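Contents: one structure, followed by commentary.
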Amino acid sequence: MPTTLLQSNLPGLELIHRGKVRDVHALPGNRLLIVATDRLSAFDVVLPDPIPGKGEMLTQISNFWFGKTAHIMPNHLLHTPLEDVLPQGANLALYSKRAVVTKRLKPVPVEAIARGYLIGSGWKDYRATGSLCGIKLPAGLRQAEQLPEPIFTPSTKAAVGDHDENVSFDAVVAAVGKDLAEQVRDATLAIYKWAAAYAAERGIIIADTKFEFGTDEDGKLYVMDEMLTPDSSRFWPADQYQVGISPPSYDKQFVRDYLETLDWNKQAPGPRIPADVINGTAAKYAEALQRVAGITLD
Numbered sequence: 003m004p005t006t007l008l009q010s011n012l013p014g015l016e017l018i019h020r021g022k023v024r025d026v027h028a029l030p031g032n033r034l035l036i037v038a039t040d041r042l043s044a045f046d047v048v049l050p051d052p053i054p055g056k057g058e059m060l061t062q063i064s065n066f067w068f069g070k071t072a073h074i075m076p077n078h079l080l081h082t083p084l085e086d087v088l089p090q091g092a093n094l095a096l097y098s099k100r101a102v103v104t105k106r107l108k109p110v111p112v113e114a115i116a117r118g119y120l121i122g123s124g125w126k127d128y129r130a131t132g133s134l135c136g137i138k139l140p141a142g143l144r145q146a147e148q149l150p151e152p153i154f155t156p157s158t159k160a161a162v163g164d165h166d167e168n169v170s171f172d173a174v175v176a177a178v179g180k181d182l183a184e185q186v187r188d189a190t191l192a193i194y195k196w197a198a199a200y201a202a203e204r205g206i207i208i209a210d211t212k213f214e215f216g217t218d219e220d221g222k223l224y225v226m227d228e229m230l231t232p233d234s235s236r237f238w239p240a241d242q243y244q245v246g247i248s249p250p251s252y253d254k255q256f257v258r259d260y261l262e263t264l265d266w267n268k269q270a271p272g273p274r275i276p277a278d279v280i281n282g283t284a285a286k287y288a289e290a291l292q293r294v295a296g297i298t299l300d
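Structure (structure tokens):
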């Protein structure tokens, strides 16, 4: 059965970051222990109710994609056995499917987003300006329509409780330099295109996705954190896709759609989530894991 973990508790390991979903602990040898909890964020607000097993599913689908795309871009995984790094007395079963040992990298301070379809904040920006992150798009596009080519639409990396904001490629260049900005853009689009083709063969449309990157002490770029999960991507069942509506999703859009029915200003604290929405969300994650990666939860 999947385990449930709202936050990590690993005495003796330094906690260096508790993000929206992941808790990050320092390990000797310039390494990290990254724990995917069952916290769920929506509209950049961490909700009070966990989704049981979500962290396990996120970790397994990320690890699947890291392995599949290593020929395109190296990643942060080290494949160190968890029993070698967990403190004495820690419940290995609780962490075994939700924690990984990784390289400790310097994060690139940008959310690297690839979009193949016009949805979400991209759709809102397009309706307002006809452009997205400084990229002029053809007139007359409809909601959820496929773009002529996937585009790189970066955003700022917000602190917990703040909202990410779409920015232009020039803003990324100003923040990290031209060479690194181009590396991030090219890797983002290459990984997205490869993964979108892979998922399409399995009846899944990846509408958009977000990557995070980091550099090592030599300046080499790696993809890190998570990859092509239901938290960082929009997965649509191809047989239910149609232009002009927000298609049904295998991701946390299920929760977003519920939250949109509430009188909530999208500021912390987030509202409680009913059991049927929690269970329905967990089922969406599990179906995405099975359809994309062929992994079924025990």
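Counting from 3, one number per residue, gives the positions in the sequence shown under the numbering used here. C-beta atoms are modelled at their ideal positions from N, C-alpha and C, and glycine is treated no differently. Note that this is a predicted model, so its numbers are computed, not measured.
- Per DSSP, the unbroken beta strand (DSSP E) holding Trp238 starts and ends at 235 to 239.
- Of the other Cβ atoms in all chains shown, 16 or more fall within 10 Å of the Cβ of Arg100; this residue is therefore buried.
- In terms of CA proximity to Gly205, Gln242 leads the group Val178, Ala183, Gln242.
- The beta carbons of Tyr252 and Ala290 sit closer together than 9 Å.
- When the alpha-carbon of Ile247 is set against those of Val26, Tyr119, Trp67, Ile74, the nearest one is in Tyr119.
- In terms of Cα proximity to Pro30, the closest of Pro109, Gly296, Pro89, Arg117 is Pro89.
- The straight-line gap separating the alpha-carbon atoms of Val186 and Tyr287 is approximately 27 Å.
- Nearest to Val23 by C-alpha distance, out of Val178, Leu60, Ile275, is Leu60.
- Contact between the segment 261 to 271 and the segment 47 to 56 is present, with at least three C-beta pairs closer than 8 Å.
- Residue state for Phe256 is assigned as helix, using DSSP reduced to three classes.
- Using a 10 angstroms sphere on the CB of Ile18, the tally of other CB atoms stays under 16, which defines it as exposed.
- Around the beta-carbon of Asn77, 16 or more other beta-carbon atoms lie within 10 Å, marking it buried.
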